[in-house]
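Counting in numbering that gives the first Met the number 0, the sequence shown runs without a single skipped number right up to 180 at its last residue.
A short worksheet on the structure shown next.
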Amino acid sequence: MKTTKIILSVFALFLSSIIMAQNSPFYSFEVKDINGNAYDLSQLKGKKVLIVNTASKCGYTPQYEDLQKLYEKYGGDEFTIIGFPANNFMNQEPGSNSEIKEFCTNEYGVSFPMMSKISVKGDDIHPLYEWLTQKEKNGKENAKVKWNFQKFMIDENGNWAGYAKPGTKPFDEDIVDWIKG
């Protein structure tokens, strides 16, 4: 009888951990895509996600090219990239959503999902970026956004898995190993 209770308790704990992973706070966010349409992050369950705050007039803007190549090489059922334009650093993303979309498409052939422009720090920080940057919300680490093109890694269960500094190139070994792992 005691053994049965222990087995049932372990099984219940295992089940609850699976349910909790699929109900990650990451999946509760809804954002707007670059066209202004609702984009529910719960549709990304089962995929690794690389979230990048972007800007069109930054020294790191050429990273769009490698982000697109990374997306073409690994994107699909198990991995995606989401770009979040932000104008938080020296007015380096001043354009409207339509101007940003046109720039990304014409200059870099971006086909990975781009979202509407948001704030990634400060008093008007988007709730998703609060979760990404605050340990008390993501359960892992404080990771203040230092500049454009900071990269956040979300695992296939919606858990915060790490981040890469803005200057880290998209094909950095740590990022590629994480995608393939």
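Built from N, CA and C at the ideal position, the CB exists for glycine as well.
Counting along the chain, where does the beta strand (DSSP E) carrying residue i start and finish?
i, result
"lysine 65", "The sequence shown places aspartate at residue 65, not lysine. It is not in any beta strand (DSSP E) - aspartate 65 instead sits in the alpha helix (DSSP H) that spans 62-73."
"aspartate 39", "37-39"
"lysine 150", "150-153"
"glycine 161", "159-163"
"valine 48", "47-53"
"glutamate 29", "29-31"
For the alpha helix (DSSP H) that contains residue i, what are its first and last residues?
i, result
"proline 126", "126-132"
Please classify residue i: does DSSP put it in a helix, a strand, or coil?
i, result
"asparagine 84", "The amino acid at residue 84 is misidentified as asparagine; the sequence shows proline. Here proline 84 sits in strand by DSSP."
"phenylalanine 102", "helix"
"valine 175", "helix"
"phenylalanine 111", "coil"
"serine 92", "In the sequence as presented, serine is not what sits at residue 92; that position holds glutamate. In this structure, glutamate 92 counts as coil in the three-state DSSP scheme."
"phenylalanine 25", "helix"
Have a look at residue i and residue j and give me their C-alpha separation to the nearest angstrom.
i, j, result
"alanine 54", "glutamine 91", "6 Å"
"tyrosine 59", "aspartate 32", "22 Å"
"glutamate 172", "glycine 157", "22 Å"
"lysine 134", "glutamate 29", "20 Å"
"lysine 72", "tryptophan 130", "28 Å"
"asparagine 96", "glycine 108", "16 Å"
"proline 169", "asparagine 34", "25 Å"
"asparagine 141", "lysine 120", "13 Å"
"tryptophan 159", "threonine 132", "10 Å"
"phenylalanine 148", "isoleucine 174", "14 Å"
For residue i, tell me which candidate among the options has the shortest Cα-Cα distance.
i, options, result
"phenylalanine 78", "Ala160, Lys136, Asn158 and Asp154", "Asp154"
"isoleucine 50", "Met113, Phe88 and Asp123", "Met113"
"methionine 89", "Asp76, Gln67 and Lys56", "Lys56"
"proline 126", "Phe83, Asn105, Gln42 and Leu69", "Phe83"
"asparagine 137", "Gly121, Tyr38, Gly161 and Ser115", "Gly161"
"leucine 40", "Thr167, Asn34 and Phe25", "Phe25"
"tryptophan 177", "Gln42, Val48 and Ser23", "Val48"
So, at 6 Å on beta carbons, what are the nonlocal neighbours of residue i in its own chain, with the 5 sequence-adjacent residues on each side left out?
i, result
"asparagine 36", "none"
"tryptophan 146", "Phe88 and Pro165"
Within the same chain, show all residues whose beta-carbon is closer than 7 Å to that of residue i, passing over the 5 residues directly before and after it, in chain order.
i, result
"serine 118", "Ala85, Asn87, Ile124 and His125"
"leucine 43", "Thr79"
Going along the chain, which residues of its own chain have a beta-carbon closer than 8 Å to the beta-carbon of residue i, five neighbours each way excluded?
i, result
"glutamine 67", "Tyr107, Gly108, Val109, Ser110 and Phe111"
"glycine 45", "Asp76, Glu77 and Glu155"
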